[in-house]
Every structure is written in C-alpha cells, then in structure tokens.
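A quick write-up on the structure given underneath.
Residue numbers (this note's numbering): 43 to 309.
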C-alpha cells in the first residue's frame, strides 16, 4: 500500500483548502500523508475524475466548492464510490447564511481576488512613498500618473489617497532654481497632472506651515512675490509638458483625486 493521499479539491486555485488540510495534518505529525491539489473543478466531469483518482489511491478528498450544486454532487458521488470526502467551506457558509440572513455569492476565487486587490494597494502605497517629492526620478517613468506642482499643493496626501485606489503615483516638486528631471518630459503628457493654486491661498498655507514648525512666517518660503515666481515657473513647465492642469485652490484631496480618476477612466 502506497502513501495515503488527500486530494485537495477546489473550484479556484485551492490555496484555502490546502492550508486548512495542512493545518489539520500537522496535528497528526504529518502521518506520512501526501497532499495532491486538484484546482479549478468546474463541472461534474471534474468531480467524477477526482473521485476515481482518490478511489484508486485509497485516498480521501478535502474540498472547497462554493456552488451548492457542485457540493451536492461531490457529497453524493463520493458516498456512492465509498471515498471519504470532507466539505471544508460548505457547512460554515450555511451557518453564516442562517446567522446573517443573506445568501452567499457562490462565486469561486473571491478570496484570491481580495488578496490580489490588497497586494496591489500595498504595492501602490509603497510606490508613492518611494517616489514622493521627486526622491527618485526613475519613478516618473514607472508611475501610472505623475503629479507636478510647487511646494504645499497637496502632492503627497493626494499620492497616498490615489495609492489606496491602487494607482501608482510619483510626484515632482517644482522650484525655479532647479531644472525638472528629464524624465518628466519623456512621460506621456496624459499621465501628468499639474496642480495649480492661487498665490493668496498658497501664501496662507505656507505661513501656517511655518508657524506650526515654530518658524518665522516672514521667511521667503511664504513671501507672496516668491510664491508668484514659483507659480510662473510652474506654468512654464506644465505648458511645455502639455499636461492637464487642476486648480486645487478650493478643492479637498478627495475632490482632486476624483477629477484625476475620472480623467484617466475616460481616456
């Protein structure tokens, strides 16, 4: 007699079923059991195949099938064949349905979709941090979108907000004394967004920022003439890039983000 086999059967990849089965097996010190994954079971033919294999191997089946008709077929056919089969997810779904009074979606692969969505979000957040404030110009060419603006136009919070929408964002601060990175002129113009603001609003924001840091609010950073010089430089750069410009003077970060999302979705 060969090594006992547990067939892990799923209508998706089978990661959940395998993890649960491995967790159970560890309580028996492994007991020399072999796990064979049988993913993407989508029809009755697949069920018949895996039951036949399990019968030949004198094995058992542990399954996660979310469609009720598939669960019923697995239960009935495995009993007919005299093969042990354990429903790992069905009883819990049934109890949750009774508990909350809602029917399940019965859609295979939702856990994987949620995981992929989560990891895309984390990746975008890490990207926004790495390529924040022009830290590494190489990010400009890797980004989904690039934000361009002078200091204190909400580039960083906007980058983070968009990252939570799984959008990779790099942002580039513009200062008259420093040439913008060459990558900025190589990226497609529709990927760039200039963030425009009125001099008066920016003056107020910068003065409040200096005060919050315990600094003199008369510094050149908050000087209205200096601000106008920066904004003129901004206008020259975005004109050269030919990118869309959003006036963020009286906009919340969420509003600006929605403008950008609508723009890229309609391209």
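All C-beta atoms in this analysis are idealised placements derived from N, C-alpha and C, irrespective of residue type, glycine included.
No experiment lies behind these values; they were computed from the predicted model shown.
Just to confirm, are residue i and residue j a CB contact at a threshold of 9 Å?
i	j	result
residue 171	residue 237	no
residue 56	residue 106	yes
residue 146	residue 138	yes
residue 215	residue 176	yes
residue 218	residue 271	yes
residue 195	residue 255	no
residue 75	residue 67	yes
residue 324	residue 187	It is not possible to answer for residue 324, since the shown part of the chain is limited to 43 through 309.
residue 89	residue 125	no
Output the boundary residues of the beta strand (DSSP E) element that contains residue i.
i	result
residue 127	127-129
residue 189	187-191
residue 215	211-215
In the DSSP assignment, what residue or residues form a beta bridge with residue i?
i	result
residue 91	Its beta-bridge partners do not exist; DSSP assigns none.
residue 288	237
residue 220	217
For residue i, does the count of other Cβ atoms within 10 angstroms reach 16, so buried, or fall short, so exposed?
i	result
residue 209	buried
residue 113	buried
residue 353	Because residue 353 is not part of the residues shown, which for the chain are 43 to 309, the question remains open.
residue 246	exposed
residue 63	buried
residue 134	exposed
residue 44	exposed
residue 120	buried
residue 110	exposed
residue 213	buried
residue 115	buried
Can you name the start and end residues of the alpha helix (DSSP H) that residue i belongs to?
i	result
residue 299	295-307
residue 199	197-205
residue 133	132-142
residue 180	180-184
residue 280	266-283
Quick one: is residue i near chain B, going by C-beta distance under 9 Å?
i	result
residue 113	Among the chains of the structure shown, chain B does not appear; only one protein chain is present.
Inset, instruction - Mind listing, in chain order, the continuous alpha helix (DSSP H) runs of no fewer than 4 residues lying wholly within the region 45-116? - result: 57-68, 86-98
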